[in-house]
Amino acid sequence: MQIRRATAGTTNLPQSGSDTTGFDRLHPEIRRWIWEQKWEELRDVQDRAISAVLDTEADVLIAASTAAGKTEAAFLPVLTKVADRKGSGFSVLYVSPLKALINDQFRRLDQLAERLEIDTVRWHGDAPQSAKQRARRDPRGVVLITPESIEAMLIRRPGDAKAMLGSLDFIVIDELHAFLKGPRGLHLASLLRRIDALSAQPARRIGLSATIGDLAVAARWLNPGQAEDVRVVESSADSPELRLQVRAYSDPEEVEDADGLEADERQVALDLIADHMFSVLRGANNLVFAGSRKRVEALADRLRTRSEKVSVPNEFYPHHGSLSKELREELEDRLKKGDLPTTGVATTTLELGIDIGSIKSVAQVGAPRSLSSLRQRLGRSGRRRGVPAVLRIYVRERLLGKGSDPVDHLRLETVRAVAAVRLLVERFVEPPSIDAAIATVALHQTLSVIAQEGGARAGTLYQILCSSGPLSSLTKADYAQLLRGMASAEHRLVEQAPDGTIMLGEQGERLTASRDFYAIFSTDEEWRLVSSGRTLGTIPMSNPVGVGVVIAFAGRRWRIEAVDDRGKVLEVVHHRSGRIPKFDNVMNEPVHDRLSAEMRAVLQDMSVPGFLDDAAKEYLSEGRAAFRQLGLDAGSLVPAGKDTHVFTWHGTDVNAVLGFAFASAGLDCAILDVGVTVLDTQPDVVQAIMRQIADRPPDIDQVADFVENLQSAKFDEMVPEQLLRSLWGRSRHDVAERVASAVRAVVADFNDTTNGKPDAPTRRG
DNA sequence: GACCTGCTGCGGTTTG
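Heads up, the first sequence is in the working numbering, so the first residue is 671 and it goes up one at a time.
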């Protein structure tokens, strides 16, 4: 067996010593292990990662698709480096967003590490206690951990934490893209800073990421101080051939619940979609992404029913966050084993890196709203060389009638599907969006540091948490405001000793002592569904429950036999009918500016893509006709009954801020994917107000006064409202600029149109 | 904002 150098792609790394390959430089025991694996060669990313880790002292960012062997790319050189390390304390901290991923990686890593006599320990809530205890007594080697378990380690046993984490050589962060947005990423960034503070020499960081739009953002996350020093190893592998189809279906116009269970007489679009999936997906392994938990249940139920009708074994199983771990693992194992044809119908739960074997095709219901998500899903199919990736997008449009809203005539679902495919081909991916959770994370981490240290001075807290990194957008004045709020009689989270030391207050003690403290996100209370002693999953408390109520869940139908109010348990048995429980949220995933703009380009264009089925072609041409008929090629305002649509062709961020600008002028708005709807207002009034906005763009801090639901993150209710409002405005300065330019573009259209139309509205503000 | 994601230590019980 010979190991050759992989075909070199472009690289931004200095070449190492002339002829030595990455392979030659690995620890002898690792080379032997690679031979035994019968690998023919190291992948390009692996080869380059080896030299980045072994030849430099820099942080390293490895960006490649799911199947490119990123974990090995990081661990082969990292283990080579730490193999002969002596002394106590872990040498490698591997952080993952998922327990399931830790278990996967542990299985892959453990035997290799054992060969090198390197200890490996899983450290998360479901990992065996005994192994953790052993590692606590004698910490060495690699620890695989979640952010929440790091949090617990730091505040429960600060002394042990220093002994365990105070002399790390490497911190490896898996699925780094999952930490680039949202509170959990801010939380982890703060924890890593605090780990650095435990040691004389901060550990080198290695980030493993999916292919993402802006690698500079990931590099900055990895090393906020010197992002330019981060070595970037990006996969140069070509993406596989893509076979693609967009299929369109129509709902009967007045359908009440397009995602409900099958009704007897009338076929809604989802029934027709299920028919098609049933006919093309059986016999192989596939993934179907349905968007919401309700739609997952609706589709899994339809597919199982179809199997029963023609007496064939069911191959379709649901997978989402409310299903029990047991049921989810059954499906994952079935997909991984690959001996029975299986289609997983999922929300986003099957997007991340857990190993599910080879997948023939990917389908999704509803036009994509995010390119990063679409790419991630596509990466699940066609992973073997020479095998094309197969993607089917099923869109639903309404049957139009006399009273239909003009927006429905634009066929925006079909248009968005076409726009998304065009951006996919262009390789566009959304950059991570703004963070709304800085104040919540600062509050949480303040309590955590005080619990860890027993007490701290305000200046020290600010230094530890905010002096650089993602929380540094908080000024000293902001932080003082936060602390004052925490110390207030209302919250009593902290109190100040006479010498100035800040300590936990009564509520702070209570909060940090609870098991619920470790995670930066919260979950609502839910009913647990149990059938014959087996947990099926959970549904929100908001669902009406009672003995005799029949529900559809986990791909089957159930009757509630008993309700345990105290234990929050619903005892259920199989039943033939039922309805799908509510999963609360009704809002949509936000759309990026670029996708909205591309939708307009699709409507203006004349070409008809070959990947559309006949129905989708028809809808596209209807949408284009409506676009011209509504005058959208030259204007932006469309009356709809008592309301007026304003087409900005910008994304959700911009439209939301524009909505608040209208609110500040006293008008109510609904937010669309490509604009806003001003309620109970005629176009001439809207036009006048838009001219005002264009003349004097509203100050974002003034607009912020009209935001109502400012509290969105876990501890926001304990953050002074004034601080939340100020942060909201500050994080949206660039959005405000985009709103101003969108408004100017709309107003320019008025002027063009006005020139040609003598009867145009004359009213001005 | 769709959808996700996480959890200590101790006391009690069961089992070998």
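Each residue gets a CB set at the ideal place from its N, CA and C atoms; glycine is no exception.
Query: Rounded distance between the beta-carbons of ILE720 and LEU763, thought under 8 Å; Result: In fact, because the Cβ distance is near 20 Å, the residues do not count as touching under 8 Å.
Query: Per-residue burial, ASP1284 [other beta carbons within 10 Å of its own, 16 or more giving buried]; Result: exposed
Query: CA nearest to the CA of PRO1011, picked from LEU1020, THR1017, THR1018, ILE1026; Result: ILE1026
Query: Limits of the unbroken beta strand (DSSP E) element including ARG1066; Result: 1059-1068
Query: For ASP1234, three-class secondary structure by DSSP; Result: strand
Query: Range of the contiguous beta strand (DSSP E) that encloses MET834; Result: Where MET834 is concerned, there is no enclosing beta strand (DSSP E), although the alpha helix (DSSP H) it sits in stretches over 828-835.
Query: Residue ranges of each beta strand (DSSP E) within the region 690-755, 3 or longer; Result: 730-733
Query: Alpha carbon of GLN672 to alpha carbon of PHE986, nearest angstrom; Result: Unreliable positioning characterises GLN672 in this predicted model, as indicated by a pLDDT of 41, which lies under 50. A coordinate reading is not provided.
Query: Identity of the residue in GLY1071, LEU951, LEU1069 nearest GLN1034 by Cα; Result: LEU951
Query: Proximity to ASN1213 [Cα-Cα], best of SER1137, VAL1088, PHE1223; Result: PHE1223
Query: PRO1368 to LEU1152 span [Cα, whole Å]; Result: 27 Å
Query: Per-residue DSSP class, three states only, for VAL1243; Result: strand
Query: Classification of GLN1274 by the beta-carbon crowding that lies within 10 angstroms, buried from 16 upward; Result: exposed
Query: Same chain only: Cβ atoms within 8 Å of ALA1016, ignoring 5 sequence neighbours per side; Result: LEU957, VAL958, PHE959, ALA960, VAL966, PRO988, HIS989, HIS990
Query: Contact set for VAL1111: own chain, Cβ-Cβ below 7 Å, skip 5 residues either direction; Result: PRO853, LEU856, HIS857, SER860, LEU1141, ILE1190
Query: Cβ-based burial, LYS1007 [other Cβ within 10 Å; buried from 16]; Result: exposed
Query: Closest Cα partner of GLN896 within the set GLY1216, LEU1337, LEU878, GLU727; Result: GLU727
Query: Cβ-Cβ distance between GLY1125 and THR1171 below 8 Å; Result: yes
Query: Cβ contact (3+ pairs, closer than 8 Å) linking the region 860-872 and the region 830-845; Result: yes
Query: Three-state secondary structure (DSSP) of GLN1289; Result: First, the amino acid is wrong: residue 1289 is Tyr here, not Gln. If DSSP states are grouped into helix, strand and coil, TYR1289 belongs with the helices.
Query: Reference ARG1361; option with closest CA among ALA1415, THR1347, GLN1372; Result: ALA1415
Query: Beta-ladder partner(s) of HIS847, from DSSP; Result: The partner list for HIS847 (beta bridge, DSSP) is empty, contrary to what the question assumes.
Query: ASP1194 to ILE1209 span [Cα, whole Å]; Result: 10 Å
Query: Delimiting residues of the alpha helix (DSSP H) encompassing VAL1324; Result: 1322-1334
Query: Buried versus exposed call for GLU787 [16 or more other C-beta atoms within 10 Å across all chains shown]; Result: exposed
Query: Bounding residues of the alpha helix (DSSP H) (the contiguous stretch that carries ALA870); Result: First-last for ALA870: undefined, no H or E at that position.
Query: Contacts around ILE1063, its chain only, beta-carbon distance under 6 Å, and the 5 residues preceding and following it disregarded; Result: VAL916, GLN1034, ALA1087
Query: Expected contact under 8 Å - CB spacing of ILE1024 and ASP774 to nearest Å; Result: 6 Å
Query: Which of helix, strand or coil DSSP assigns to PRO684; Result: Confidence at PRO684 is low in this model, with a pLDDT of 41, below 50, so the placement of that residue should be treated as unreliable; the coordinate-derived value is given next. Coil at PRO684, not helix or strand.
Query: Length of the line joining the Cα atoms of PHE1376 and ALA1333; Result: 7 Å
Query: GLU699 versus ARG785 - alpha carbon distance; Result: 7 Å
Query: Cβ-based neighbour list, LEU824, same chain, cut-off 6 Å, excluding 5 preceding and 5 following; Result: ALA831, GLN1122
Query: Collapsed DSSP secondary structure at SER1401 in the structure displayed; Result: coil
Query: CA-to-CA distance, HIS1114 to LEU1174, given in whole angstroms; Result: 12 Å
Query: Local conformation of TYR1132 per DSSP, three classes; Result: helix
Query: Own chain partners of VAL1261 with C-beta closer than 7 Å, once the 5 adjacent residues on each side are dropped; Result: ARG1039, GLY1321, THR1322, ASP1343
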